Amino acid sequence: MYLCAQFSKDMQNDNKTIIEINNVSKFFGDKTALDHINLSIRKGEFVTILGPSGCGKTTLLRLIAGFQTASEGNICISGKEITQTPPHRRPVNTVFQKYALFPHLNVYDNIAFGLKLKKMPKQDMTRKVKAALKMVGMTDYEYRDVDSLSGGQQQRVAIARAIVNEPEVLLLDEPLAALDLKMRKDMQMELKEMHKRLGITFVYVTHDQEEALTLSDTIVVMSEGKIQQIGTPTDIYNEPINAFVADFIGESNILNGTMVKDKLVRFCGQEFECVDEGFGENAPVDVVIRPEDLYIFPVSDRAQLRGVVQSCIFKGVHYEMAVMCADYEIIVQDYHAFEVGSEVGLLVKPFDIHIMKKERTCNVFEGKVKDATHVEFLGCEFECAPIPSEKIPENGQPVRIEVDFDKVILQDDAEDGMLTGEVKFILYKGNHYHLTVLSDWDENVFVDTNDVWDDSDRVGITIRPQDIRVIV
Amino acid sequence: MQTYLWVLLLLLYAPIAIIIIYSFTESKVLGNWTGFSLKLYGSLLNTNAHHSLMNACINTVAIAVIAATVSTLLGSIAAIGIFNLKARNRKAMGFVNTIPILNGDIITGISLFLLFVSLGITQGFTTVVLAHITFCTPYVVLSVLPRLKQMNPNLYEAALDLGATPMQALWKVIIPEIRPGMISGFILALTISIDDFAVTVFTIGNQGLETLSTYIYADARKGGLTPELRPLSAIIFIVILVTLIVLNLRTDKKKQLQSQKTK
Amino acid sequence: MNKLQLFFASRKSWTLPYLIFSVIFVIIPLLLIVVYAFTDDGGHLTLDNFRKFFDHPEAMNTFIYSIGIAILTTIGCILLGYPAAWILSRSKSSYSKTIIMLFILPMWVNILVRTLATVALFDFFQLPLGEGALIFGMIYNFIPFMIYPIYNTLQKMDSSYIEAAQDLGANSYQVFWKVVFPLSMPGIVSGIMMVFMPTISTFAIAELLTMNNIKLFGTTIQENINNSLWNYGAALSLIMLFLIAATSLFSSDEKSETEKGGGLW
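Residue numbers (our numbering), protein chains in the order written: chain A, 1443 to 1914; chain B, 2 to 264; chain C, 105 to 369.
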């Protein structure tokens, strides 16, 4: 409540914020769907919440709509706290993923549903419904059965049904997901147009990064119940904040690197000039280079990297080539094709090299020492290298356990591992894969491997005794 | 809210409870308690004493098993055929299939009765079985068809593609896919066959054949219920109750195991 | 491949055995009812059987009375069954499955035994047998057939419809009457089919529940057949068939409006 009061005060200063989400978490049983979300949305903005399936984006939208209530934190719309308000008293309307048009009502009655509940006079109602239909380009469809409409038409009716109530915020839950590509492109343009004409706030949920880039004023990238980055499409694309965002938005080469000093980074065995600073000296970093930012040409002195073309695919406008430079596979897009097997040079401009601080350099777990050769973490007991007796903490105090990414062994047969998990996220780093494996203990284990795994593979996880570092 | 359900259930089970309670007393009339006794159970199990009741029981089961088996075969084959028909024929066949369900027992019974007398067939065991097959098969078809609809349409072709003959494809691919539908169809057929009264009455003839239903009906018309029917009903009810509980627990356990595995 | 193999390779032809069976045991018998209804003992065409029905107030009255009882039973089943189905559809699925099981379980006890037990129940509480007992017995026998299809439609109903209604400003009362209830119509219609039709055509149950005081139309038909008045019995059956056809036409119309399923099977 305090936060909201605070927020109302802010409202007077800045009359633009319409939705304020403060420290909101949502738990389903012991699963965390949303983890301390803070987000404020300005009036009239087109905000897209973008993320892979299961990242919590739909849950966030449903909390705003009121179909679910937050476990923690609060949500304000137009300065009013609405965390516990039932959906029918909120100034928002939703366009559902599968439209949810009432099959027992025709187009007119579907659109008039909300107005009838408000007991609006018949004439006004008819006028408004007609206007809404016109807005979505469905004039003369009033008395059609909703089941007789195509997917795109149903979508338009669903939008009309929501906007006819003149909500302050329109929530859209992957509204285009069920349409085919061509239709989707058309509808994207129309939605953008509609947003301009209506002037209301749109909160749009999607997993389609291209859709997000096309439509939004602001993109909120989410993963695993957390907001990863908030920014304009250009910001998000050009300055991804971490490897996840870089990988999720557009295509990228993501490589391990070392920041030698300010404005000098080392990767692929070469040193490169860049524009980033403030990482310290010899700091491990992730380096992101977009495929279209690399110049490819026959080998010459200008080449920063030399490599051999491994594959070349025509993608409609450009060619996409995989170039093997020393040990690293680098993806390059260019209008010119280079033959497979030909030797090429690559060059990248300093400001096209994006440096991101590594979130972690090895796995860190909290554990307990069982005896001189056994520790317990991730809900399992592991054998470890002998711990000097003077270093064993008394009465089972927690210790820090470190395991390097490349020392975690994954097994095909989940039964073979000491514990099991599921592959959640795969990042290709040029010469190896960086996997995020969610163990059954609900803690992430990060793994570097040369083996190819698929999303949601069940794997066994094994760590050899000598690879477990116990830090007291 | 939940109490409403329990009150409703209590009402539903009250008559059954009464039957079970009064199966433990000797009284000839239901509702008259003359002290606890297991005599009715004893005389029920003594087949000689109640030859006709046991006979009726055996007939009922025999008719149900034969009718359910035949309708499961006939209905499953028909379902595969119907599924492969063109839309218009499928609709027509679907309509024919629902006729016995819509008609209600009495119309089915009378129409079959007229058929048998017109053909001059003496009614008896065979006619009852035929009649039961008539009203059981539609339910089998209706249980199997949804399984076929859910089936990936390419499965059959995939089997052929991998070198199976049409017959092998049927046995190794289609039958396993529709088996749950066949099983539930069989159980459904068994149940409605055992419970049937109206159709049986019209097709059983007058050769002295009796099923449980006709036996009870004749009994009731005479003004009373053979006391041994109480323990019999109680036993049938308890057996079914236990079977269902065991089946449910087993599937629950299986599900639990599966969910544990996937977790 | 010989001709026979070719024939069976096409799975369409698998319909054939059942088609032949249905023609012999479903379609021809129904036609026989029509034939018998329009002929006399000697096999001559006549309308006498129908004339007899319309001239005899007794049969006519039984017919109308039976429809009345069937309507009351159906309404009773909806009023008692809908809330049960609604509560069940809101409960956890493992729990509601068990309860549904419990509702269906009494069906395995022979219908006549169940009816006699109802009689015993009325005796036990010293309630008079008669119309009240008849309707109670009918509802008792048929309510599971109402609960199950309604529960099915309610359970399958996409929760986004409810959410959409809330989103558009409906409170829980309005959500129910404007969305949930209309969308559960297919279930109600299947329930009506499953309850109304068998109720009209039952016989024996009514006699047992009313000490032979009340006769329903099913009994009238059966008595005529038993007394070898086959032609008249067939005519009465045909009248009932018309009623059944009319009801099912009405309900299939209702159903095709929202072909979202429901149904008992």
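Glycine included, each C-beta is placed from N, C-alpha and C at the ideal position. What you are looking at is a predicted structure, and each value in this text was computed from that prediction instead of being measured.
Distance between beta carbons of residue j and residue i, contact taken as under 8 Å
i	j	result
residue 1714 of chain A	residue 1751 of chain A	In fact, because the Cβ distance is near 21 Å, the residues do not count as touching under 8 Å.
residue 177 of chain C	residue 299 of chain C	6 Å
residue 1477 of chain A	residue 1638 of chain A	In fact, because the Cβ distance is near 34 Å, the residues do not count as touching under 8 Å.
residue 111 of chain B	residue 325 of chain C	7 Å
residue 196 of chain B	residue 133 of chain B	Incorrect: roughly 11 Å between the Cβ atoms, too far for contact.
residue 246 of chain C	residue 303 of chain C	6 Å
residue 1787 of chain A	residue 1745 of chain A	3 Å
residue 1578 of chain A	residue 1543 of chain A	With a Cβ gap of about 13 Å, residue 1578 of chain A and residue 1543 of chain A do not count as contacting.
residue 297 of chain C	residue 355 of chain C	5 Å
residue 86 of chain B	residue 116 of chain C	6 Å
residue 6 of chain B	residue 233 of chain B	29 Å between Cβ atoms; not a contact.
residue 1487 of chain A	residue 1660 of chain A	6 Å
residue 1869 of chain A	residue 1903 of chain A	Wrong, their Cβ atoms sit about 18 Å apart, outside the cutoff.
residue 313 of chain C	residue 238 of chain C	5 Å
Bridge partner(s) assigned by DSSP for residue i
i	result
residue 1915 of chain A	As displayed, chain A neither begins before 1443 nor continues past 1914, which places residue 1915 of chain A out of reach and without an answer.
residue 1425 of chain A	The question about residue 1425 of chain A has no answer, for chain A in this structure spans 1443 to 1914.
residue 1418 of chain A	Beyond the ends of chain A as shown, which are 1443 and 1914, falls residue 1418 of chain A; an answer cannot be given.
residue 1813 of chain A	A:1816
residue 1463 of chain A	A:1481, A:1517
residue 1473 of chain A	A:1470
residue 1852 of chain A	A:1903
residue 1878 of chain A	A:1867, A:1888
residue 1787 of chain A	A:1739, A:1748
residue 1384 of chain A	With chain A running from 1443 to 1914 in the structure shown, residue 1384 of chain A is simply not present.
residue 95 of chain C	Absent from the model: residue 95 of chain C. The displayed extent of chain C is 105 to 369, so no value can be given.
residue 1714 of chain A	A:1707
residue 143 of chain C	C:149
residue 1805 of chain A	A:1845
residue 1912 of chain A	A:1843
residue 264 of chain C	In DSSP, residue 264 of chain C forms no bridge with anything.
**Q.** At least three beta-carbon pairs within less than 8 Å, the region 234-245 of chain B to the region 145-154 of chain B
**A.** Taking a contact to require three or more Cβ pairs closer than 8 Å, the region 234-245 of chain B and the region 145-154 of chain B do not qualify as touching.
Q) Along the region 1548-1573 of chain A, what residues have a CB closer than 8 Å to any CB found in chain C? A) For the region 1548-1573 of chain A, the residues whose beta carbon sits under 8 Å from a beta carbon of chain C are, in order, 1555, 1556, 1559, 1560.
Q) Taking the runs of the alpha helix (DSSP H) that are 4 residues or longer, which of them lie wholly in the region 316-341 of chain C? A) Runs of the alpha helix (DSSP H) lying entirely within the region 316-341 of chain C and spanning at least 4 residues, in chain order: 321-330.
Q: Please determine if the region 1808-1823 of chain A and the region 1860-1869 of chain A are in contact, where contact requires at least 3 C-beta pairs separated by less than 8 Å.
A: As far as the Cβ criterion goes, the region 1808-1823 of chain A touches the region 1860-1869 of chain A, which means the pair count is three or higher.
Q.
Any C-beta of chain C within less than 7 Å: which residues of the region 210-227 of chain B qualify?
A. Against chain C - using a Cβ distance shorter than 7 Å - the residues of the region 210-227 of chain B are 213, 214, 217, 218, 221, 226.
Q) Which residues, taken in chain order from the region 225-239 of chain C, show a beta carbon closer than 9 Å to some beta carbon of chain A? A) Of all residues in the region 225-239 of chain C, none has a C-beta nearer than 9 Å to a C-beta of chain A.
Q: Identify every run of the beta strand (DSSP E) within the region 1627-1670 of chain A, keeping only runs that are complete inside it and at least 3 residues long; order them along the chain.
A: Runs found: 1643-1648, 1660-1665.
Q: Output the residue ranges of the beta strand (DSSP E) runs that lie fully inside the region 1483-1530 of chain A and measure 3 residues or longer, sorted by chain position.
A: Complete beta strand (DSSP E) runs here, min 3: 1488-1492, 1514-1519.
Q: Count the CB pairs spanning the region 1796-1805 of chain A and the region 1769-1777 of chain A that are closer than 8 Å, and state whether there are at least three.
A: The region 1796-1805 of chain A is not in contact with the region 1769-1777 of chain A.
Q. Listed from N- to C-terminal order along the chain, which residues in the region 1488-1517 of chain A have their beta-carbon within a distance smaller than 7 Å of any beta-carbon of chain C?
A. Residues are counted here when their Cβ sits less than 7 Å from a Cβ of chain C; for the region 1488-1517 of chain A these are 1507, 1509, given in chain order.
Q.
Would the region 1500-1508 of chain A count as touching the region 1612-1625 of chain A if we require 3 or more Cβ pairs under 8 Å?
A. Using a Cβ-Cβ distance cut-off of 8 Å, the region 1500-1508 of chain A and the region 1612-1625 of chain A are in contact, since at least three pairs of beta carbons, one from each stretch, lie closer than that value.
Q.
Does the structure place the region 1519-1527 of chain A close enough to the region 1678-1698 of chain A that three or more beta carbon pairs sit under 8 Å?
A. Contact fails between the region 1678-1698 of chain A and the region 1519-1527 of chain A, because fewer than three Cβ pairs, one in each stretch, are under 8 Å apart.
(Q) Which runs of the beta strand (DSSP E) at least 3 residues long sit entirely within the region 1530-1578 of chain A? Give them in chain order. (A) With a minimum length of 3 residues, the continuous beta strand (DSSP E) runs that stay inside the region 1530-1578 of chain A are 1534-1537.
(Q) My parser needs the alpha helix (DSSP H) runs of 4 or more residues fully inside the region 140-199 of chain B; what are they? (A) You should have 155-162, 167-170, 176-196.
**Q.** Contiguous alpha helix (DSSP H) assignments of at least 4 residues, all confined to the region 1580-1616 of chain A
**A.** 1593-1605, all fully within the region 1580-1616 of chain A.
Q.
Closer than 8 Å is the cut-off here; do at least three beta carbon pairs connect the region 10-20 of chain B with the region 205-218 of chain B?
A. Too few Cβ pairs lie closer than 8 Å, so no.
(Q) If contact is defined by three or more beta carbon pairs under 8 Å, each pair taking one atom from either stretch, is the region 1482-1497 of chain A in contact with the region 1657-1672 of chain A? (A) The count of Cβ pairs closer than 8 Å, one atom from the region 1657-1672 of chain A and one from the region 1482-1497 of chain A, reaches three, so the stretches are in contact.
Q. Got a sec: which bits of the region 202-216 of chain C sit with their beta carbon under 8 Å from any beta carbon on chain B, in order along the chain?
A. Residues 202, 203, 205, 206, 207, 209, 210, 211, 212, 213, 214, 215, 216.
Q. Is it a yes or a no for the region 128-147 of chain C touching the region 102-116 of chain B, going by three-plus beta-carbon pairs under 8 Å?
A. Because the criterion of three Cβ pairs below 8 Å is met, the region 128-147 of chain C and the region 102-116 of chain B touch.
Q) Closer than 8 Å, Cβ to any Cβ of chain B: which residues of the region 335-348 of chain C, in chain order? A) Listed in sequence order: 337, 338, 341, 344, 345, 348.
Q: At 4 residues or longer, and completely inside the region 24-74 of chain B: list those alpha helix (DSSP H) runs for me, N to C.
A: Taken in chain order, the unbroken stretches of alpha helix (DSSP H) that lie wholly in the region 24-74 of chain B and span 4 residues or more are 40-46.
Q: Evaluate the contact criterion for the region 1725-1733 of chain A versus the region 1692-1699 of chain A: three or more CB pairs, one atom per stretch, below 8 Å.
A: Output reads yes: the region 1692-1699 of chain A touches the region 1725-1733 of chain A.
**Q.** Segment contact, 8 Å Cβ cut-off, at least three pairs: the region 59-66 of chain B with the region 96-104 of chain B
**A.** A contact is defined here as three or more CB-CB pairs under 8 Å, and the region 59-66 of chain B fails this definition with respect to the region 96-104 of chain B.
(Q) Quick check: the region 1871-1883 of chain A against the region 1824-1836 of chain A, are at least 3 beta-carbon pairs closer than 8 Å? (A) Contact between the region 1824-1836 of chain A and the region 1871-1883 of chain A is absent, because fewer than three Cβ pairs lie under 8 Å.
Q: Output the residue ranges of the alpha helix (DSSP H) runs that lie fully inside the region 149-227 of chain C and measure 4 residues or longer, sorted by chain position.
A: Counting only runs of 4 or more, we get 152-159, 161-194, 197-208.
Q.
I'd like to know if the region 1702-1716 of chain A and the region 1734-1743 of chain A are in contact, where contact means that at least 3 CB-CB pairs between them fall below 8 Å.
A. Contact between the region 1702-1716 of chain A and the region 1734-1743 of chain A is absent, because fewer than three Cβ pairs lie under 8 Å.
Q) Do the region 1585-1604 of chain A and the region 1617-1633 of chain A meet, that is, are 3 or more Cβ pairs less than 8 Å apart? A) Contact holds between the region 1585-1604 of chain A and the region 1617-1633 of chain A, because three or more Cβ pairs, one in each stretch, are under 8 Å apart.
Q: Below 9 Å between beta carbons is the criterion; list the residues of the region 271-292 of chain C that meet it against any residue of chain A, in chain order.
A: Residues passing the 9 Å Cβ filter: 271, 272, 273, 274, 275, 276, 278, 279, 282, 283, 286, 287, 289.
Q.
Quick test of the definition: if touching needs 3 or more C-beta pairs under 8 Å, does the region 171-188 of chain C touch the region 1892-1909 of chain A?
A. With a cut-off of 8 Å, the region 1892-1909 of chain A and the region 171-188 of chain C do not count as touching, because too few Cβ pairs lie within range.
Q) Hey, is the region 201-210 of chain C in contact with the region 324-339 of chain C, meaning 3+ C-beta pairs nearer than 8 Å? A) No contact exists between the region 201-210 of chain C and the region 324-339 of chain C.
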